[in-house]
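All remarks here apply to the structure that follows.
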Amino acid sequence: MRAELIDGKAIAAAVRGDVARDVDALRERGVVPGLAVVLVGDDIASATYVGAKEKASREAGMAGGTIRLPADATQADLLALVEQLNGDVSVHGILVQMPLPKHIDPDTVIRHIRPDKDVDGFHPENVGKLLIGHTDGFVSCTPAGVVEMLLRSGVDTRGAEVVVVGRSNIVGKPMAALLVQARAGGDATVTICHSRTKDLASHTRRADILIVAAGRAEMITGDMIKPGAVVIDVGMNSVPDATRARGRRLCGDVHFASAVEVASRITPVPGGVGPMTIAMLLRNTVRAAERTLNAR
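Per my numbering, the sequence shown runs over residues 128 to 423.
Here you go:
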């Protein structure tokens with residue numbers, strides 16, 4: 128058996144098509160969704176991610192763009208900018224690209240973003256709403272994208288044994304919270320594993336759905352996967368590869384070559400979860416803009 132690929136690019140394109148139609152509908156009602164992305168410093172990877180987000184928002188017909196601050200900008204400078212964006216009625220979503228320079232505390236910055244403009248879903252108010260099952264907050268984009276992929280791929284999570292490898296606030300914890308909810312894309316039995324988990328393979332082999340977001344290249348191999356499981360690889364790692372022109376290649380947290388022979392469905396890296404993250408960011412921004420109409 129060889130796993131069927133879950134095409135994140137195709138699913139993300141469908142979501143972005145829905146978003147573009149919603150943007151057109153909002154424009155007819157006098158509102159153009161605005162997304163402001165803040166980039167501090169000149170980290171190459173961050174600049175690449177920000178560029179992709181700005182391009183996607185423009186293609187969807189949104190307003191806004193990227194605001195760049197120098198690497199030596201102070202925390203006070205960044206907080207002042209956030210406050211300015213909080214008060215700008217043309218800005219419906221605010222995203223401060225992580226990681227930030229070491230002299231800036233990310234938690235302080237996140238707490239300064241208005242929860243109703245926190246389209247990244249990182250503010251404690253939005254995280255709290257997720258945990259208690261309220262649906263009027265914003266959910267972190269990568270976990271939301273994974274659930275969307277599962278739904279659109281026809282994967283039934285109800286009663287499924289799900290194992291999440293990784294306990295970050297960005298992916299692992301909200302992923303588990305989403306999947307355990309009694310709602311579409313939820314109702315699963317969820318186990319979170321991490322660096323201190325004993326006998327990791329004994330847990331991963333139980334999973335009907337295995338979601339790996341640990342940040343360790345190819346840590347999950349085929350012999351750690353239950354035959355027929357659905358495997359979602361959230362990882363994105365650059366590893367040495369002498370066969371490539373640049374001497375490196377991208378890979379996930381799952382050893383794809385062995386996993387694809389065991390799983391029933393699997394996401395590739397790249398082209399799997401990554402495109403979904405941006406698509407869900409756009410969806411969150413549209414939701415934020417819709418709320419301004421409802422508040423009138």
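From the three backbone atoms N, C-alpha and C, an ideal C-beta is built for every residue, glycine too.
Asked                                                                                                                                                        : Found
List the whole-angstrom C-beta distance separating Val290 from Thr348, where the pair is believed to meet the contact cut-off of C-beta under 8 Å.           : Not quite, the Cβ-Cβ distance comes to about 15 Å (not below 8 Å), so this is no contact.
Output yes or no for whether 8 Å exceeds the beta carbon distance between Val361 and Ile338.                                                                 : yes
Is there contact between the region 244-256 and the region 272-285, where contact requires at least three CB pairs shorter than 8 Å?                         : no
Note down, in chain order, each residue of its chain lying with its Cβ closer than 8 Å to the Cβ of Leu327, except the 5 sequence neighbours on either side. : Val292, Cys320, Met351
Would you list the residues sitting across from Asp360 in a DSSP beta bridge?                                                                                : Val339
Whose C-alpha, out of Ala340, Thr318, Ser322, Ala372, is nearest the C-alpha of Arg333?                                                                      : Thr318
Of the choices Ile259, Leu206, His230, Leu258, whose alpha-carbon is the least far from that of Ile240?                                                      : Leu206
What runs of the alpha helix (DSSP H), each 4 residues or longer, lie entirely inside the region 187-224?                                                    : 202-213
Straight-line CA distance for Pro160 to Ala386?                                                                                                              : 41 Å
Per DSSP, which residues does Ser365 bridge with? Please list them.                                                                                          : Leu377
Of all the options Asp204, Ala140, Gly144, Arg148, which has the alpha carbon lying nearest to the alpha carbon of Gly168?                                   : Asp204
My output table needs one value for Ala163: the three-state DSSP class, helix, strand or coil.                                                               : strand
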